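2 protein chains.
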Amino acid sequence: MPKMLIVDDDIHLRKLVLTYAQLDNYQCQEAESASQALAKLREDEIDIIILDVMMPEQDGFETLAELRKFTQTPVIMLTARGEEYDKLLGFNLGADDYVSKPFSPKELMARVGAVLKRSGGRKCKNQLIFDGLTIEPDARTTAVDGKNVRLPPKEFDLLMQLAENEHIVFSREQLLDRVWGFDYLGDARTVDTHIKSLREHLGPYRKLIKTVWGVGYKFEYQKEN
Amino acid sequence: MPKMLIVDDDIHLRKLVLTYAQLDNYQCQEAESASQALAKLREDEIDIIILDVMMPEQDGFETLAELRKFTQTPVIMLTARGEEYDKLLGFNLGADDYVSKPFSPKELMARVGAVLKRSGGRKCKNQLIFDGLTIEPDARTTAVDGKNVRLPPKEFDLLMQLAENEHIVFSREQLLDRVWGFDYLGDARTVDTHIKSLREHLGPYRKLIKTVWGVGYKFEYQKEN
DNA sequence: CAGAATTGTGAGAAATCTGTGAGGAAATCT
DNA sequence: AGATTTCCTCACAGATTTCTCACAATTCTG
């Protein structure tokens with residue numbers, strides 16, 4: 004469930020966006036000023052930001068410029084009709100898309116979907132999320148349905164290698180090279196054993212690791228075969 | 004210098020876009036109908052397409068759907084003001100962005116830049132598309148009319164060898180060398196057996212693999228035939 | 001049109017591959 | 001050091017794929 008931050012001083016507009024976003028299963032945070040937005044950003048992992056250009060304290064462009072200093076989180080800006088130059092300015096500052104007011108909530112959500120899809124889908128910064136399976140590379144932790152699961156080192160590395168390269172098939176030899184190291188020499192079937200154990204640890208999500216018969220393994224989220 | 008294809012029946016609009024695109028150093032092609040556009044696409048490598056939704060012969064959505072069958076080239080659509088549902092429809096079909104008429108050429112060019120930056124910066128996953136048949140080399144998956152079809156290793160390799168070298172005829176011996184390996188020794192007729200099975204798996208697209216009598220096999224995709 | 005060459009097809013045996021469980025070696029922790 | 005965890009090898013069973021072969025169907029040649 005992607006997290007959205009809505010930044011606008013107008014509470015009506017915030018609630019409007021909020022309503023539709025929740026319908027589309029977004030988890031929403033609100034901020035009524037630039038400073039509040041920056042605070043929220045620091046305390047929570049946000050996947051996408053809806054940012055109004057017109058705000059009293061600090062306008063959208065200043066805010067955008069400021070937050071681009073420390074995050075690449077995608078931003079969709081809300082502009083008043085006909086502010087063409089605003090759009091140009093915003094693109095240069097790194098906005099990901101624009102919606103002109105008055106806008107239809109459906110269009111906004113369509114653009115949100117498109118931007119998220121482009122920016123890497125569910126892969127947000129330092130956390131890989133696949134449904135109820137979350138992987139935090141830095142912390143080397145994994146959680147299944149919110150419950151932490153401790154994985155042995157090799158299994159974690161193996162999972163990372165596969166999950167980071169979703170859809171891509173790796174042969175046992177490639178996995179040995181990348182996870183065990185180039186100089187490793189040993190039975191390729193060792194990979195199988197670790198896959199087996201890893202699958203047990205993943206419980207309901209064991210199916211995300213697919214066997215590609217005659218070739219190797221791959222990680223695949225939501226795609227039958 | 005990126006190549007742009009402008010698809011619109013209105014010559015004034017084409018020239019308008021063209022002028023600004025050339026100022027930004029784009030190399031432009033024009034097409035005044037969907038069929039012309041498809042032809043241009045086949046004969047030249049296009050980086051981005053500007054597509055007007057409203058065209059007489061065949062509208063922009065049909066065109067978009069058709070060209071998405073064989074290319075992932077980014078598309079920006081031009082829509083009349085307020086056609087919100089059009090936008091939603093288009094996003095689903097795989098448009099990369101929208102600009103509503105009347106638009107400012109500068110805004111259009113800004114969006115072009117943004118889309119190219121995204122689609123270019125991101126490694127475009129290579130896939131082969133032939134109408135309803137898609138092949139993803141990395142994932143080693145194939146889909147027939149949107150439905151995934153699992154191919155045995157040899158069949159997938161065989162398909163890749165042929166599809167990657169469209170129009171080129173391979174003898175059985177060449178296929179044995181390239182798919183089975185130079186050192187392979189066995190009956191060349193084995194190839195036939197695999198071709199047969201492969202064709203069955205391809206269903207409606209079995210005809211893409213043509214028999215060249217007395218020589219071998221080739222892969223050939225043609226619009227009509 | 002007959003005969004020769006080439007390709008399509010079906011079936012089954014042989015080869016290959018994967019899942020799995022167990023046991024011992026190796027590494028890590030306390 | 002002793003205990004615990006992790007890692008690796010091996011072998012068997014079951015499943016899948018690959019290969020061969022014989023015969024049918026098709027295409028070419030004269």
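These protein sequence lines map, in sequence, to chains A and B.
The first sequence begins at 4 in the working numbering and counts up by one.
The second sequence begins at 4 in the working numbering and counts up by one.
Even for Gly, the Cβ is constructed at its ideal location relative to N, Cα and C.
Just so we're clear, the structure is a prediction, and the values are computed from it rather than from any experiment.
Worksheet item: Which residues share a DSSP beta bridge with A/T214?
Response: For the purposes of this step, residue 214 of chain A is taken as residue 211 along the first sequence, with counting starting at 1. Paired residue(s): A/Y220.
Worksheet item: Listed in chain order, which residues of the region 46-63 of chain A have Cβ atoms closer than 7 Å to some Cβ of chain B?
Response: none
Worksheet item: How would you write the range of the beta strand (DSSP E) that B/T145 sits in, first residue to last?
Response: The sequence position of residue 145 of chain B within the second sequence is 142, counting from 1. Taken as a continuous stretch (DSSP letters only), the beta strand (DSSP E) holding B/T145 covers T144 to V147.
Discussion item. Does chain A have any CB closer than 7 Å to the CB of B/R143?
Written reply: Here residue 143 of chain B refers to the residue found at position 140 when the second sequence is read from its first residue. Yes, because at least one Cβ of chain A sits closer than 7 Å to the Cβ of B/R143.
Worksheet entry | Whole-angstrom distance between B/T66 and B/A3, CA atom to CA atom | Nothing about residue 3 of chain B can be reported from this structure: the residues present for chain B run from 4 to 228 only.
Practice prompt. Spatial neighbours of A/Q32 within its chain, please: CB distance less than 6 Å, with the 5 preceding and 5 following residues excluded, ordered by chain position.
Written response: In the first sequence, counting from the first residue as 1, residue 32 of chain A sits at position 29. The answer, listed in chain order, is L8 and K43.
Worksheet item: Would you report the Cα separation of A/E35 and B/Y224, rounded to the nearest angstrom?
Response: Stepping through the first sequence from its first residue, residue 35 of chain A is reached at position 32. Stepping through the second sequence from its first residue, residue 224 of chain B is reached at position 221. Their backbone Cα atoms lie some 56 Å apart in a straight line.
Fill in: Counted within 10 angstroms of its Cβ, other Cβ atoms place A/M163 as buried (16 or more) or exposed
For the purposes of this step, residue 163 of chain A is identified with residue 160 of the first sequence, where counting begins at 1. Classification of A/M163: buried, given that the 10 Å Cβ count is 16 or more.
Discussion item. Is there a C-beta anywhere in chain B that falls below 7 Å from the one on A/E20?
Written reply: Looking up residue 20 of chain A in the first sequence gives position 17. One detail in the question is off: residue 20 of chain A reads as Val in this sequence, not Glu. It does not; no Cβ of chain B falls within 7 Å.
Fill in: Nearest candidate by alpha-carbon position, reference B/L131, set B/V20, B/F222, B/L26 and B/Y23
On the second sequence, position 128 is the one that residue 131 of chain B refers to. If we check each option's Cα against that of B/L131, B/F222 comes out closest.
Worksheet item: When you compare only the Cα positions, how much space is there between B/P59 and B/D134?
Response: Here residue 59 of chain B refers to the residue found at position 56 of the second sequence. Here residue 134 of chain B refers to the residue found at position 131 of the second sequence. Going from the Cα of B/P59 to the Cα of B/D134 covers about 24 Å.
Item to complete: Tell me, please, which residues DSSP counts as bridged to B/V78.
Response: Within the second sequence, numbered from 1, the residue matching residue 78 of chain B stands at position 75. B/I52, per the DSSP bridge assignment.
Worksheet item: Between which two residues does the alpha helix (DSSP H) containing B/Q61 stretch?
Response: Locating residue 61 of chain B in the second sequence gives position 58, counting from the first residue. Per DSSP, B/Q61 belongs to no alpha helix (DSSP H) and is neither H nor E.
Worksheet item: Does A/G219 have its Cβ less than 7 Å from a Cβ in chain B?
Response: Translated into the one-based positions of the first sequence, residue 219 of chain A becomes position 216. It does not: the Cβ of A/G219 has no partner Cβ on chain B nearer than 7 Å.
Discussion item. Taking the straight line between their C-alpha atoms, what separation do you get for B/K72 and B/T137?
Written reply: By 1-based counting over the second sequence, the position of residue 72 of chain B is 69. By 1-based counting over the second sequence, the position of residue 137 of chain B is 134. Taking the straight line joining both Cα atoms gives about 9 Å.
Fill in: Residues in the region 147-179 of chain A having any Cβ partner in chain B nearer than 7 Å
H170, I171 and V172
Fill in: Exposure of B/K199, with buried meaning 16 or more beta-carbon neighbours within 10 Å
Numbered from 1 along the second sequence, position 196 holds the residue referred to as residue 199 of chain B. By the neighbour-count rule (16 or more Cβ atoms within 10 Å), B/K199 is not buried but exposed.
Practice prompt. Give the straight-line distance between the Cα atoms of A/E48 and A/T145, rounded to the nearest whole angstrom.
Written response: Sequence index remark: in the first sequence, residue 48 of chain A carries index 45 (1-based). Sequence index remark: in the first sequence, residue 145 of chain A carries index 142 (1-based). Cα-Cα distance, rounded: 17 Å.
Discussion item. My parser needs the alpha helix (DSSP H) runs of 4 or more residues fully inside the region 15-46 of chain A; what are they?
Written reply: 37-46
Worksheet item: Taking 7 Å as the CB-CB limit, is A/K126 close to chain B?
Response: Numbered from its first residue, the first sequence carries residue 126 of chain A at position 123. In this prediction, A/K126 has a pLDDT of 40, which is less than 50 and means its spatial position is unreliable; nothing more can be read from the coordinates.
Worksheet item: In terms of residues, what are the limits of the alpha helix (DSSP H) holding A/Q177?
Response: Taking the first sequence and counting its residues from 1, one reaches residue 177 of chain A at position 174. Counting along the chain, the alpha helix (DSSP H) containing A/Q177 begins and ends at R175 to L178.
Item to complete: Whole angstroms is fine: what's the gap from B/Y220's alpha carbon to A/P5's?
Response: Residue 220 of chain B sits at position 217 when you count from the first residue of the second sequence. Residue 5 of chain A sits at position 2 when you count from the first residue of the first sequence. So the alpha carbons of these two residues sit roughly 48 Å apart.
Practice prompt. Output the distance between the C-alpha atoms of A/T82 and A/T214, rounded to the nearest integer angstrom.
Written response: Residue 82 of chain A sits at position 79 when you count from the first residue of the first sequence. Residue 214 of chain A sits at position 211 when you count from the first residue of the first sequence. Distance between the alpha carbons of A/T82 and A/T214: 48 Å.
Practice prompt. Ignore the nearest five residues each way along the sequence and tell me which others in B/I171's own chain have a CB closer than 7 Å to its CB.
Written response: On the second sequence, position 168 is the one that residue 171 of chain B refers to. So the list reads K221, once near-sequence residues are dropped.
Worksheet entry | Supposed close pair B/D11, B/L119 - CB separation, criterion 8 Å | On the second sequence, position 8 is the one that residue 11 of chain B refers to. On the second sequence, position 116 is the one that residue 119 of chain B refers to. Not a contact, Cβ separation roughly 19 Å.
Worksheet item: Can B/V20 and B/I52 be called in contact, C-beta distance under 7 Å?
Response: Mapped onto the second sequence, residue 20 of chain B falls at position 17. Mapped onto the second sequence, residue 52 of chain B falls at position 49. Not in contact: B/V20 and B/I52 (Cβ atoms no closer than 7 Å).
Worksheet item: Distance, Cα to Cα, B/D186 vs B/P140?
Response: Counting from one through the second sequence, the residue named residue 186 of chain B turns up at place 183. Counting from one through the second sequence, the residue named residue 140 of chain B turns up at place 137. Between B/D186 and B/P140, the C-alpha separation is close to 24 Å.
Practice prompt. Kindly list the residues whose CB is nearer than 7 Å to the CB of B/Q27, restricted to its own chain and excluding five residues on each side of it in sequence; keep chain order.
Written response: Your numbering for residue 27 of chain B matches position 24 in the second sequence. According to the sequence provided, residue 27 of chain B is Asp. The question's Gln does not apply to it. Contacts found: M112.
Discussion item. Does B/R202 come out as helix, strand or coil in the three-state DSSP assignment?
Written reply: Within the second sequence, residue 202 of chain B is the residue found at index 199, counting from 1. Correct three-state label for B/R202: helix.
Item to complete: Quick one: give me the first and last residue of the beta strand (DSSP E) that A/E1 is part of.
Response: Outside the shown range of chain A, which is 4 to 228, sits residue 1 of chain A, and nothing can be said about it.
Item to complete: Check the C-beta distance from A/P77 over to A/D99 and give it rounded, since I have them as a contact under 8 Å.
Response: As a first step, residue 77 of chain A is located in the first sequence; it is residue number 74 there, counting from the start. As a first step, residue 99 of chain A is located in the first sequence; it is residue number 96 there, counting from the start. So it is a contact: roughly 4 Å between Cβ atoms.
Item to complete: Determine the DSSP secondary structure at B/K72, reduced to helix, strand or coil.
Response: Translated into positions along the second sequence, residue 72 of chain B becomes position 69. Coil.
Discussion item. Just to make sure I have the definition right: I need the residues of chain B whose C-beta is within less than 7 Å of the C-beta of A/S215. Which are they?
Written reply: Position 212 of the first sequence holds residue 215 of chain A. For clarity, residue 215 of chain A is Val in the given sequence; the question names Ser instead. Correct list: R143.
Practice prompt. Could you pull out every residue in the same chain whose Cβ sits closer than 6 Å to the Cβ of B/Q30, ignoring the five residues on either side in sequence?
Written response: The count along the second sequence starts at 1 and reaches residue 30 of chain B at position 27. Here the set comprises M4 and K6.
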